[in-house]
Structures are given as structure tokens and as C-alpha cells.
Amino acid sequence: MVKMHADEADTDPELVERLVRGRFPQWADLPVERLASGGTVNAVYRLGDALTVRIPLTAGGVADLDFEERWLPRLAPALPVAIPAVVGRGQPAEGYPWDWSVHRWIAGECPVEGRVAEPRLLARDLAAFVTALRRVDAGGGPAAYRGGPLAAVDGFTRAAIEELRHTDEPFDAEAATDAWERSLAAPPWTGAPCWVHSDLMPGNLLTTDGRLTGVIDFATAGVGDPACDMIVAWNLLPAPARETFREAVDVDDATWSRGRGWALSMALGQLPYYRHTNRVISANARHVIREVLAS
């Protein structure tokens, strides 16, 4: 596995076997297999048939464990598909420096942009998930990572455009800047904060026979502007299904435009950072940029 971060920890199946044996001896005899993933925060290992082990790659991923233990049980009953359930937490050991967690296995495959089997059905499933999440009582919920105003990432986005301008990527910096500024000009959210996932990337979605069966990785979830959950319209859904999603999710023009801006900003930041280390993320970032500039 190619390292994505300068401060990334080394992990492998043998380490996970030792961690599990020391903390959860009841699972010591279960086979361990690293799962192929485009994830950037955790290494994920399958443990037997019913469990997964999530190992933070950097210190920044450790705080997510507290969030999962507190909030996932509250969100799960309100949602129409499966989400992670924490069944155990491990501590630093065997040379690994941070806490880690064990989750229940959720069946399904991550969809891939450009190869969605049932795009309109999946669009409706995604809209049902987003709207169900928005209906959860937001009282006391933490601020979502992308739940604030789009203007908060203006400097980041423009810097990413400049960085890409000086790479060998086929990239229209002027068109990207124009698209960004149009989204940035959309009126800000003035409604009550609501629950959002804020990272509905294809790698965080699970499907079976083209239908949504699970949503994972709630590390960036919280309460805020619902626009950030529109990103899936550009990072996964083809244009006709994008309209199906928009109708079903029922947001105003300004929220839709801000969502388009979030999708573009994320892709512009991901591409230069991951283009040599994470083929899944960088391919999706290129896809998003093309889709946004064409829409």
C-alpha cells in the first residue's frame, strides 16, 4: 500500500492479528484480511465474516472513535440503511500508537462513478438517506466538518486551482474558477442546522444489486448546512439521475448551488494531494471536476 500522508502509521495483517489477540482474545482465531479501499483516514481489515477492524492511519483519525461511540447509536434507528456499529475499542499496543475500533461487517460493494447499475433507483435511495438524516433532532449535535459557509474554504479552493494549474493534469483553471465563484455567490444557509453526513463519497456508500444498503465513515458528520450532502450528485450520479436526486431531496436553488461548490472544492483539493498515492480518490476527483464544469 502506498502511503498517503507524511505521518502515516505502518499497518499490516500481522499487526492487526496481534492487536486483536491482546485486546479481544475471543476473536483471536478469526482470519484477518486488509480490504482494498480508497479511504484516507483508516486502514480497514476484515475480521472473520462478521467484523471489521478500523485502524487510524494518523493521529487525526483517533477523535473519530469518540464520535462513533456517542452518536452512531443515536442516528442508526432513524436511517433507512445500515450504518456502522461499534462493538469494541482497542488501545495502543504492539508498537501501534493510538486507539482503534472493531465494527460489525456491513455487506455491500462501493459503487464506482460511471458504472452505476441502477442510477435512478440509487438516486432515490440516497435522497431517502439524506432526508432521513436531516430529520434527526439536531439538538446537542457537533458541528459538521463541512457544515459551515462555503466561503470558509474559498482560500483553500483557490490555492488548489493554482496548484493544479502548474501540474500536467489536463485542467481548465479559468473554467474551474468561474464555476467556483458562481457557487460562492449563492445565498448562504439561513435555516436551522440539521444533521448531515458531509462526506458522501462513493467509497463511503455500500450497494447491493444497485441499491443503497449502507453508509459508512461518519467522521465528518454533524449539524450544519445541508448543502454538503449534495456532493453525491456530482461524484457518483450521472446527469439524469442527478435530477432525480435533486427532486427527491427537495432543496432550493441556493442549497443545490452550494452543494455543487462543495463537490468542486473537495475534488480540487483531493486531486493534487492524492494523484500519486490514491488512484480511487484521484480518479473520482477528475470525474467530479468534469461533471461540475459540464453542468
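Under full-length UniProt numbering, the final residue of the sequence shown carries the number 295; numbering is consecutive throughout. Where a beta carbon is used, it is the ideal one built from N, C-alpha and C, also for glycine.
*Measure the alpha-carbon distance for residue 216 versus residue 58 and round it to whole angstroms.*
Position 216 of the sequence shown, counting from 1, holds the residue named residue 216. Position 58 of the sequence shown, counting from 1, holds the residue named residue 58. Cα to Cα, the separation comes out at about 19 Å.
*Are residue 198 and residue 224 close, meaning C-beta to C-beta below 9 Å?*
The residue labelled residue 198 in the question sits at position 198 within the sequence shown. The residue labelled residue 224 in the question sits at position 224 within the sequence shown. For residue 198 and residue 224, yes; Cβs fall inside 9 Å.
_Can you tell me whether residue 79 is buried or exposed? The criterion is at least 16 other CB atoms within 10 Å of its CB, across all chains shown._
Your numbering for residue 79 matches position 79 in the sequence shown. Result: buried.
*Apart from the five residues just before and just after residue 138, which ones in its own chain have a Cβ nearer than 6 Å to its Cβ?*
Here the question's residue 138 lines up with position 138 in the sequence shown. Excluding five sequence positions before and after residue 138, the CB atoms of its chain that fall closer than 6 Å to its own CB belong to 193, 194, 195, 223, given in chain order.
*Every unbroken alpha helix (DSSP H) inside the region 197–236 [4 residues or more]*: Taking only runs of at least 4 residues, the alpha helix (DSSP H) segments lying wholly in the region 197–236 are 232–235.
*Check residue 89 in the structure and name its three-state DSSP category.*
Taking the sequence shown and counting its residues from 1, the one referred to as residue 89 is at position 89. Shown here, residue 89 sits in a strand according to DSSP, grouped into three states.
_Distance, residue 279 Cα to residue 63 Cα_ = Taking the sequence shown and counting its residues from 1, the one referred to as residue 63 is at position 63. Taking the sequence shown and counting its residues from 1, the one referred to as residue 279 is at position 279. Between residue 63 and residue 279, the alpha-carbon positions lie close to 26 Å from each other.
*asked:* Spatial neighbours of residue 87 within its chain, please: C-beta separation below 8 Å, excluding the five flanking residues on both sides.
replied: Start at 1 with the first residue of the sequence shown, and residue 87 comes out as number 87. Here the set comprises 51, 102, 103, 104.
*Given a threshold of 16 other Cβ atoms within 10 Å of its Cβ, counted over all protein chains shown, does residue 206 qualify as buried or as exposed?*
Working through the sequence shown from its first residue, we reach residue 206 at position 206. Around the Cβ of residue 206, a 10 Å sphere holds 16 or more other Cβ atoms; the residue is buried.
*asked:* For residue 26, count the other beta carbons within 10 Å of its own beta carbon; 16 or more makes it buried, fewer makes it exposed. Which is it?
replied: Numbered from 1 along the sequence shown, position 26 holds the residue referred to as residue 26. The C-beta of residue 26 has fewer than 16 other C-beta atoms within 10 Å across all chains shown, which makes the residue exposed.
*Let me know the secondary structure DSSP gives residue 117 once reduced to three states.*
The residue labelled residue 117 in the question sits at position 117 within the sequence shown. In the structure shown, residue 117 sits in coil (DSSP, three-state: anything other than H, G, I, E or B).
*Rounded to a whole number of angstroms, what is the C-alpha to C-alpha distance between residue 212 and residue 126?*
Counted from its first residue, the sequence shown places residue 212 at position 212. Counted from its first residue, the sequence shown places residue 126 at position 126. Residue 212 and residue 126: Cα-Cα distance of roughly 7 Å.
*With DSSP as the reference, please indicate the residues paired to residue 51 in a beta bridge.*
For this step, residue 51 is matched to residue 51 along the sequence shown. 47, 104, per the DSSP bridge assignment.
*How is the alpha helix (DSSP H) around residue 242 delimited, first residue to last?*
Working through the sequence shown from its first residue, we reach residue 242 at position 242. That run of the alpha helix (DSSP H) goes 239–249.
_Any contact between the region 249–261 and the region 9–20? By contact I mean 3 or more CB pairs, one from each, below 8 Å._
Not touching, per the Cβ criterion.
*From residue 282 to residue 162, what does the alpha carbon distance come to, in whole angstroms?*
The residue labelled residue 282 in the question sits at position 282 within the sequence shown. The residue labelled residue 162 in the question sits at position 162 within the sequence shown. Computed Cα separation, rounded: 17 Å.
*Between residue 299 and residue 292, is the Cβ-Cβ spacing less than 9 Å?*
Given that the chain is displayed from residue 1 to residue 295, the structure contains no residue 299 and the question cannot be resolved.
*What are the residues that DSSP puts in a beta bridge with residue 34?*
Walking along the sequence shown from the start, residue 34 turns up at place 34. 45, per the DSSP bridge assignment.
*First and last residue of the alpha helix (DSSP H) that includes residue 284?*
Residue numbering aside, residue 284 sits at position 284 when the sequence shown is read from its first letter. Start and end: 279–294.
*What span of residues does the alpha helix (DSSP H) with residue 20 cover, start to end?*
The count along the sequence shown starts at 1 and reaches residue 20 at position 20. Boundaries of the alpha helix (DSSP H) harbouring residue 20: 13–23, taken from the DSSP string.
*Kindly indicate the opening and closing residues of the alpha helix (DSSP H) around residue 66.*
Looking up residue 66 in the sequence shown gives position 66. Bounds of the alpha helix (DSSP H) holding residue 66 are 63–75.
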